[in-house]
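The listed protein sequences derive, respectively, from chains A and B. Note that this note's numbering has the first sequence beginning at 19, numbered continuously upward. Note that this note's numbering has the second sequence beginning at 19, numbered continuously upward. From the three backbone atoms N, C-alpha and C, an ideal C-beta is built for every residue, glycine too. Encoded as structure tokens, the structure appears first; notes follow it.
2 protein chains.
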Amino acid sequence: MANVNANDFIVTDKNIRLSERPTRIDLFDDKDDAKDTIKDNAKEIADLAHKLYAEAGRSVLIVLQGMDTSGKDGTTEALFHRTPPLNVNVASFKAPTKKEIAHDYLWRVHNVCPGAGQITVFNRSHYEDVLVVKVKNFVSAATIEQRYDQINDFERLLVENGTTILKFMLNISHETQGERLRERLVESHKLWKFNPGDLEDRALWPEFMDAYQTMLRRTSTHHAPWYVIPSDCRKTRGAIVSSIVRESLEKMDPQYPDPGFKPEDFEI
Amino acid sequence: MANVNANDFIVTDKNIRLSERPTRIDLFDDKDDAKDTIKDNAKEIADLAHKLYAEAGRSVLIVLQGMDTSGKDGTTEALFHRTPPLNVNVASFKAPTKKEIAHDYLWRVHNVCPGAGQITVFNRSHYEDVLVVKVKNFVSAATIEQRYDQINDFERLLVENGTTILKFMLNISHETQGERLRERLVESHKLWKFNPGDLEDRALWPEFMDAYQTMLRRTSTHHAPWYVIPSDCRKTRGAIVSSIVRESLEKMDPQYPDPGFKPEDFEI
Numbered sequence: 019m020a021n022v023n024a025n026d027f028i029v030t031d032k033n034i035r036l037s038e039r040p041t042r043i044d045l046f047d048d049k050d051d052a053k054d055t056i057k058d059n060a061k062e063i064a065d066l067a068h069k070l071y072a073e074a075g076r077s078v079l080i081v082l083q084g085m086d087t088s089g090k091d092g093t094t095e096a097l098f099h100r101t102p103p104l105n106v107n108v109a110s111f112k113a114p115t116k117k118e119i120a121h122d123y124l125w126r127v128h129n130v131c132p133g134a135g136q137i138t139v140f141n142r143s144h145y146e147d148v149l150v151v152k153v154k155n156f157v158s159a160a161t162i163e164q165r166y167d168q169i170n171d172f173e174r175l176l177v178e179n180g181t182t183i184l185k186f187m188l189n190i191s192h193e194t195q196g197e198r199l200r201e202r203l204v205e206s207h208k209l210w211k212f213n214p215g216d217l218e219d220r221a222l223w224p225e226f227m228d229a230y231q232t233m234l235r236r237t238s239t240h241h242a243p244w245y246v247i248p249s250d251c252r253k254t255r256g257a258i259v260s261s262i263v264r265e266s267l268e269k270m271d272p273q274y275p276d277p278g279f280k281p282e283d284f285e286i
Numbered sequence: 019m020a021n022v023n024a025n026d027f028i029v030t031d032k033n034i035r036l037s038e039r040p041t042r043i044d045l046f047d048d049k050d051d052a053k054d055t056i057k058d059n060a061k062e063i064a065d066l067a068h069k070l071y072a073e074a075g076r077s078v079l080i081v082l083q084g085m086d087t088s089g090k091d092g093t094t095e096a097l098f099h100r101t102p103p104l105n106v107n108v109a110s111f112k113a114p115t116k117k118e119i120a121h122d123y124l125w126r127v128h129n130v131c132p133g134a135g136q137i138t139v140f141n142r143s144h145y146e147d148v149l150v151v152k153v154k155n156f157v158s159a160a161t162i163e164q165r166y167d168q169i170n171d172f173e174r175l176l177v178e179n180g181t182t183i184l185k186f187m188l189n190i191s192h193e194t195q196g197e198r199l200r201e202r203l204v205e206s207h208k209l210w211k212f213n214p215g216d217l218e219d220r221a222l223w224p225e226f227m228d229a230y231q232t233m234l235r236r237t238s239t240h241h242a243p244w245y246v247i248p249s250d251c252r253k254t255r256g257a258i259v260s261s262i263v264r265e266s267l268e269k270m271d272p273q274y275p276d277p278g279f280k281p282e283d284f285e286i
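See the structure below:
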């Protein structure tokens, strides 16, 4: 199986140009190779997730961002289709409710961050507050400008308190999005995913790419880096993301905890 | 594969005697047969869960109750080890916090009930408030007495608003619990699950069985029935519960929703 090198996808360049990052790469010999990588990673992730659950100390936050059809649901599936939901959950962020909007934009996010032993996937995230909110001018430019540092500080708080943060920008081409939207219209079991409103965002593609680029430049930090994932091919996308998540969990090396007693002290 | 008949496990008798319900049955020819049933059900449950997610209308609440080592985690795994966490999550109930205890006992429970399209597993539940709370006399007998009807009313509220409730009492013998606790002390990867406090509950086994029996008599309703699952054999337990959950999802028959527009109206 092809070896995924996380460094090929991480963002460390403060002047990164998103247009220079590929939406498609030939990393695997064929689709089966990518598929096998996903399967293999999914089993390993399940084992590591169980140890993290037992350890009940640290936690993991996985942020998935990308344009419509970039594969946020599909990536979640690739990562965790073999992991029971004991300590894994998904938080989806839609347009904020009245109550949520009455608070600062990180309030609802903080509320669903993973606790000890937990893994949480953010399907969209607080980054919408510097993406769609920026593109559509829902708040002033000065407010957006403040948010990058606020987000970095917020994420440092989480990291310093035991959370590992992995952020993935699922990078697709305008052309591939067009294909996938057409697929949704044609295949009856995908039609429910089509939202006419998505076409409005599609029309603002350059503005969105610009907002993503600024987001990457300003919020890819040492403590919570962004990875830009070529996502025109679903299998390649799943294989890369699951390899990076697996490697991060392996580095965390979760352990069954010391119970703090001697087994031989008990007779049952 | 053996056919699981849900009616063999449901509680309809208001005078049920828990001691007459088996903790072990020979339902499958061998372990492989039970294992194949679990695998087959898990794949089917994954498909149905995905349709429920797409439908985004109704929801499912699965309540797991049982003595320590009865297999609440293991059952969750058997049910959902093939379902991605997109719309499935687990809520575990431990001793209430100060804030939770300042509210009625259903407050924290209501807060984590499944929304539209969601499946939530309760690993322990509001039933602890008529089990451990009763056995240890944390509240008065009169208060316990009120709770059965309060719980039935609360669950009817959920059901009438679109939630299907399935409640499983994982029925193990005192002897099997002893074996499993000893296992936890001997096998290093299970030691983290051993809690010396569990032995206190074990010493109160007859009192707990009595509280479970009253719970079954008073709260197995037409809208939210209890199933008593023979749980001395892990594979049989998983096979029976997953068969009942699968059948319930099949009866719900979730559908991809009508999008409310004509696909041909869009050109992309």
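| Does the Cβ-Cβ distance between A:Q231 and A:T87 come in under 7 Å? | Not in contact: A:Q231 and A:T87 (Cβ atoms no closer than 7 Å).
| task | Rank B:Q83, B:K154 and B:A160 by C-alpha distance to the C-alpha of B:R142 and give the top, closest one. | result | Looking at the Cα atoms, B:Q83 is the closest of the given residues.
| task | Using alpha carbons as the reference points, say which of A:V130, A:P214 and A:T101 lies closest to B:G278. | result | The residue with the shortest Cα to Cα distance from B:G278 is A:P214.
| query | Quick check: the stretch 261-274 of chain A against the stretch 57-75 of chain A, are there 3 or more CB pairs under 8 Å? | reply | Three or more Cβ pairs drawn from the stretch 261-274 of chain A and the stretch 57-75 of chain A lie within less than 8 Å of each other, which places the two stretches in contact.
| Within the present structure, is the beta-carbon of B:F284 separated from the nearest heavy atom of the ligand GTP by less than 6 Å? | Absence of the ligand GTP from the depicted structure is noted, as is the absence of any ligand whatsoever, leaving it without description.
| What is the rounded straight-line gap between the Cα of A:D51 and the Cα of A:T93? | One C-alpha to the other measures close to 17 Å.
| field | Interface flag, A:F27 vs chain B, CB-CB below 7 Å | value | Chain B contact via Cβ: absent.
| field | Integer Cβ distance of B:L70 from B:F140, believed to fall under 8 Å | value | About 17 Å separates the beta carbon of B:L70 from that of B:F140, a gap too long to meet the 8 Å contact definition.
| Under 7 Å from the C-beta of A:W210: neighbouring residues of chain B | Those are A72, Y274, P275 and P277, listed as they occur along chain B.
| Do we get a CB-CB distance below 7 Å when we pair B:V108 with the residues of chain A? | For B:V108, the closest Cβ of chain A is nearer than 7 Å.
| Considering only residues of the same chain and omitting the five flanking positions on each side of B:W223, which have a CB-CB separation below 7 Å? | Here the set comprises H192.
| request: Assuming A:L107 and A:T138 form a contact by the criterion Cβ under 8 Å, report the distance between their Cβ atoms to the nearest whole angstrom. | output: For clarity, residue 107 of chain A is Asn in the given sequence; the question names Leu instead. Their Cβ separation, rounded to whole angstroms, is 6 Å, which keeps A:N107 and A:T138 in contact under 8 Å.
| Shorter than 7 Å from the beta carbon of A:R200 to some beta carbon of chain B? | Yes, because at least one Cβ of chain B sits closer than 7 Å to the Cβ of A:R200.
| query | Does the beta-carbon distance from B:D250 to B:T55 come in below 7 Å? | reply | No, the Cβ-Cβ distance between B:D250 and B:T55 is not below 7 Å.
| query | Got a sec, what are the start and stop residues for the beta strand (DSSP E) B:L188 sits in? | reply | Per DSSP, B:L188 belongs to the beta strand (DSSP E) from T181 to N189.
| query | Considering only C-alpha positions, which residue in the set A:L188, A:I34 and A:R76 is nearest to A:E178? | reply | Out of A:L188, A:I34 and A:R76, A:R76 has the C-alpha closest to the C-alpha of A:E178.
| Partner residues on chain A for B:F98, Cβ-Cβ distance less than 8 Å | Here the neighbours are P102 and P103.
| message | Quick test of your reading: B:F98 and B:I258, contact by CB under 8 Å. State the CB separation rounded to the nearest angstrom. | response | A Cβ-Cβ distance of about 16 Å is found for the pair B:F98 and B:I258, leaving them out of contact under the 8 Å criterion.
| Residues bridged to A:S110 [DSSP beta-bridge criterion] | In the DSSP assignment, the residues bridged to A:S110 are A:N141.
| field | Sheet register partners of A:Q83 (DSSP bridge) | value | Answer is A:M187.
| said: Nearest by alpha-carbon distance to A:A229: which of A:K154, A:Q168 and A:P103 is it? | reply: Checking every option, the nearest Cα to that of A:A229 belongs to A:K154.
| task | Indicate whether at least one CB of chain B lies closer than 7 Å to the CB of A:H68. | result | Proximity of A:H68 to chain B, defined by a Cβ-Cβ separation below 7 Å, is not satisfied.
| message | Beta carbons nearer than 8 Å to chain B: which residues of the stretch 176-204 of chain A have them? | response | Residues are counted here when their Cβ sits less than 8 Å from a Cβ of chain B; for the stretch 176-204 of chain A these are G196, L199, R200, L203 and V204, given in chain order.
| Three-state class that DSSP yields for B:V263 in the structure shown | Here DSSP, grouped into helix, strand and coil, assigns B:V263 to helix.
| task | Would you kindly check if the distance between the Cβ of B:N189 and the Cβ of B:V263 is under 7 Å? | result | In this structure, B:V263 sits away from B:N189, with a CB-CB distance that is not shorter than 7 Å.
| message | From the DSSP secondary-structure annotation, give me the bridge partner or partners of A:S77. | response | Per DSSP, A:T181.
| message | Let me check understanding here. Comparing Cα to Cα, which of B:S110, B:L203, B:S238 and B:R200 lies closest to B:F186? | response | Distance from the Cα of B:F186 is smallest, within the candidate group B:S110, B:L203, B:S238 and B:R200, for B:S238.
| request: State the start and end residues of the unbroken beta strand (DSSP E) segment that holds A:Y245. | output: Counting along the chain, the beta strand (DSSP E) containing A:Y245 begins and ends at W244 to P248.
| task | Check the DSSP bridge columns for B:L28 and list the partner residues they point to. | result | Reading the sequence as shown, one finds Ile at residue 28 of chain B and not Leu. Answer by DSSP bridge pairing, in chain order: B:Y245.
| field | Beta carbon of B:R165 nearer than 7 Å to that of B:V148 | value | Yes, the pair counts as a contact, with Cβ atoms nearer than the cut-off.
| Separation of B:S206 from B:L217, as counted between CA atoms | So the alpha carbons of these two residues sit roughly 19 Å apart.
| Bounding residues of the alpha helix (DSSP H) (the contiguous stretch that carries B:W210) | B:W210 -> no alpha helix (DSSP H), and no H or E assigned at all.
| query | Taking the C-alpha atoms as reference points, what is the distance between A:L199 and B:I286? | reply | Here the alpha carbon of A:L199 sits roughly 7 Å from the alpha carbon of B:I286.
| request: Would you mind telling me which residues of chain B sit closer than 7 Å to A:H207, beta carbon to beta carbon, in chain order? | output: Ordered by position in chain B, the residues that pass the 7 Å Cβ test against A:H207 are Y274.
| query | Does DSSP put A:K253 in a helix, a strand or coil? | reply | Here A:K253 sits in helix by DSSP.
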